[in-house]
Structure formats: C-alpha cells, structure tokens
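Participant:
There are 2 protein chains.
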Amino acid sequence: MKMSSKARYGLYVAVELAKSYDSGDVVNVSSLSQYTGVSEKYLEHIIALMKKSDIVLSTRGANGGYKLSDSPDNITVGQILRAVEDNLEIVDCLHSECAQRGKCVAHNFWSKLYENINSYLDTITLKQLAEDKI
Amino acid sequence: MKMSSKARYGLYVAVELAKSYDSGDVVNVSSLSQYTGVSEKYLEHIIALMKKSDIVLSTRGANGGYKLSDSPDNITVGQILRAVEDNLEIVDCLHSECAQRGKCVAHNFWSKLYENINSYLDTITLKQLAEDKI
DNA sequence: TAAATTCCTACCATTTTGCTATGAATAGTT
DNA sequence: AACTATTCATAGCAAAATGGTAGGAATTTA
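So the protein lines, in turn, are chains A and B.
My numbering numbers the first residue of the first sequence as 1 and each following residue consecutively.
My numbering numbers the first residue of the second sequence as 135 and each following residue consecutively.
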C-alpha cells in the first residue's frame, strides 16, 4: 500500500499552482517541471488527471498554462489525491472481486478504513499544505 | 495505493485462527486453505510473515499447525497488516528517496497521514474484526 | 506564418505482485 | 526404522502495474 509517484508529484504541482493563485497568472508545464524536478512529459499526464477532476484550469496556445480552479483553501488534499491516484480504493473487495464474495469477514473493516483515510485527507486544504501548517 | 492480496488474506487467516484460539488447538495450512479459498502454498508465505512478527506460533511435524501467539483482543489489525504488508509506508519520501530531498513540501503531510492510518488500525482488535464489531 | 503551448495516444522498460514448485527439516505413528 | 504429515526455506516465473518517454495534432498568440 503505497502512494504512486503521481500522488507525490501531484501535490508538488498543486503547491506550486497555489503559490501563484493570487496573481491569477497561469503557469506552464515547463516552469512546473523546473520547480518540481519532474519531466514535462510526465507532468502533462498528471496535470491532465487534475484537469479532468476540475481542480485545475488550462489555457492553450502560446502563453498558455495552468492555474487552480479555486482558491487553495477551498481545495482539499483528498480531492487532489483522488484525482491523481486512481487506486485510492485500498482493497478490491470494496467494489467487486473479493475472493470471499459476500461472506468476506473484513469487508466492513476495509470500508471503514477507506472512510477514515478519506475523511482525514479532506480535512487538509491545499492552503495548509502549501504553508506547511499541518 | 492499494492493499496487497497478502493483507486481505492475512486478515482471513487471522480471523480463522481467532476462531480456534480458545480451544488452544493448532490449525494446519490445509485447513486454512479450505476456509479461505487461498492456495496452501501462498498461505505459507503469508503465515511466515506473521510468524516472523510473532503474531502466530507454529508447531512442526505431523499434527502440527499454527495458532495465535496471544488472545484476539490483544492483537490489533495494525499489527497484522504491518507484518504482512511490507509497504505500509505510504510514500518513499518517508524513508529516503524523495525527489525533492530535504525541501519536500509534503513530507510532513505524508508523515501525519501515516500516523493517522496506523493509529486507526491499532484501535481495531482482531477480536472486533472476527466478530464484525467495527 | 511561426512559435509556444496544451492535448491526445501509443509505446516501453522495470518493478512489483501474486502466485507455483521443489525439496529439506521436523515430529508423530506404526 | 520406516512412513507420513506437517512446517520451513528458497527459487522461479507470468501477468499486471508503475513510471515513465515519444510523436505529433490542436490551439492560441504574436
């Protein structure tokens, strides 16, 4: 059970975008790549996931780039991680393929664990993360 | 971020062993395999991990098998999962290879998340799990 | 028209996962 | 002593997931 690099990098990107949120300017992938030390091409994938979940907005073409769709204190770390980490479901038996279909003794437990993690993740805003006030 | 099958199966096994804890009898892999629907060979690996962490005891030879080293209400789900799931550390930057060495903005966050998950896992005993009282 | 950018899709190497296989060591049974 | 039932140790392997890279199309500004 480990977060993917997408999750780590996703948070980096989000923090960078948070910094320039007040200016209203967009930030392009090239800059984000420099700030984070992650390749442009890989960042493109990750940002695409965030865009799909409406966490970031983009403008295309020259002088284009990305910015947050909302203020950093209205975005939670949970939102970001769920957007970027496709397997935040913890165990398969939460959706379908549990070996002990129906009679899985731990099903209820996994479900509660999932809730517990997500509710924690949703108490932390991007603003807090960016200011390291956790 | 998904629990491995070892984590799922590990809980199955632990629950089965909890059932026979009061009798004091050992349970062999063959039985555990029948109860859980997981192959004997794979279970052997998983149980070995639990043994290494002193969660189960074994007796070898004919009539041998496994039993819990302690009462189900003295064993937590956290203990079991940490024994069986080698990657419960959530992100690499918790031990060493963070891309943004030192200046990782999220480091503190990941650390707190790790604590949060583990402390939750340690509130749940195997007894509760076996009785589905979670 | 040219340059700068996002967007889309395909591909690929490495690592991890989820097993299976073989056989040695140990202990009870006859 | 021989046989059988069991755990224990180690090796191997196919499939899936991870962590990227690559190429180029679409869009916008200058």
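Heads up, the beta-carbon is just placed ideally off N, CA and C, and yes, glycines get one too.
With DSSP collapsed to three states, give me the class of residue 164/B.
Facilitator: Residue state, collapsed to three classes: helix.
Participant: Excluding sequence positions up to five away, which residues of its chain have a Cβ less than 6 angstroms from the Cβ of residue 252/B?
Facilitator: Within the same chain, residue 252/B has close Cβ partners 212.
Participant: Could you compute how far the alpha carbon of residue 17/A sits from the alpha carbon of residue 58/A?
Facilitator: Using only the alpha carbons, I get a separation of about 12 angstroms.
Participant: Can you list, in chain order, the residues of its chain whose CB lies under 8 angstroms from that of residue 71/A, leaving out five sequence neighbours each side?
Facilitator: Excluding sequence neighbours, residue 71/A sits near 21 and 127.
Participant: Entirely within the segment 148–204 of chain B and at least 4 residues each: give me those alpha helix (DSSP H) ranges in chain order.
Facilitator: Listed in chain order, the complete alpha helix (DSSP H) runs (minimum 4 residues) inside the segment 148–204 of chain B are 163–170 and 174–186.
Participant: Just checking my contact of residue 75/A with residue 55/A at CB under 8 angstroms: how many whole Å lie between their CB atoms?
Facilitator: The pair is a contact, with the Cβ atoms about 6 angstroms apart (cut-off 8 angstroms).
Participant: Three-state secondary structure (DSSP) at residue 186/A?
Facilitator: A query on residue 186/A cannot be resolved here, the shown segment of chain A reaching from 1 to 134 and no further.
Participant: Give a yes or no on whether the minimum CB-CB distance between residue 161/B and chain A is below 8 angstroms.
Facilitator: Output row for residue 161/B: interface = no.
Participant: Let me confirm a value: residue 257/B is counted as buried when at least 16 other C-beta atoms fall within 10 Å, else exposed. Which label applies?
Facilitator: Exposed is the call here.
Participant: Count the other CB atoms, across all protein chains shown, that sit within 10 Å of the CB of residue 246/B; report buried if there are 16 or more and exposed otherwise.
Facilitator: Looking at its Cβ environment, which holds fewer than 16 other Cβ atoms inside 10 Å, residue 246/B is exposed.
Participant: Name the chain B residues that come within less than 7 angstroms of residue 116/A, Cβ to Cβ?
Facilitator: The answer, in chain order, is 254.
Participant: Can you tell me whether residue 90/A is helix, strand or coil according to DSSP?
Facilitator: In the structure shown, residue 90/A sits in a strand (DSSP, three-state: E or B).
Participant: Looking at the strands, I want to know which residues DSSP matches up with residue 2/A.
Facilitator: According to DSSP, which records beta bridges pairwise, residue 2/A is partnered with 224/B.
Participant: For a contact defined as C-beta to C-beta under 7 angstroms, what are the partners of residue 266/B on chain A?
Facilitator: Ordered by position in chain A, the residues that pass the 7 angstroms Cβ test against residue 266/B are 105 and 108.
Participant: On a Cα-Cα basis, can you pick out the residue from 66/A, 19/A and 7/A that is closest to residue 30/A?
Facilitator: Per the Cα distances, 66/A.
Participant: According to the neighbour-count rule (16 or more other Cβ atoms, all chains shown, within 10 Å of its Cβ), is residue 140/B buried or exposed?
Facilitator: So residue 140/B counts as buried.
Participant: Could you tell me the boundaries of the alpha helix (DSSP H) in which residue 268/B lies?
Facilitator: Unbroken run through residue 268/B: none, as it is neither H nor E.
Participant: Count the other CB atoms, across all protein chains shown, that sit within 10 Å of the CB of residue 62/A; report buried if there are 16 or more and exposed otherwise.
Facilitator: Answer is exposed; the Cβ neighbour count stays below 16.
Participant: Which chain A residues sit within Cβ distance under 9 angstroms of residue 140/B?
Facilitator: Within chain A, no residue comes near residue 140/B; the closest Cβ sits about 10 angstroms away, beyond 9 angstroms.
Participant: Check whether the Cβ of residue 223/B lies closer than 8 angstroms to any Cβ atom in chain A.
Facilitator: It does: the Cβ of residue 223/B has a partner Cβ on chain A nearer than 8 angstroms.
Participant: Against residue 184/B, what residues of chain A qualify as contacts under a CB-to-CB distance less than 8 angstroms, listed in chain order?
Facilitator: Those do not exist, as residue 184/B stays about 15 angstroms from chain A at its closest Cβ, beyond 8 angstroms.
Participant: Quick one: Cα of residue 43/A to Cα of residue 32/A, how far?
Facilitator: Answer to the nearest angstrom: the Cα atoms are 8 angstroms apart.
Participant: Quick one, which of 268/B, 185/B, 250/B and 239/B has its alpha-carbon nearest residue 202/B's?
Facilitator: Checking every option, the nearest Cα to that of residue 202/B belongs to 185/B.
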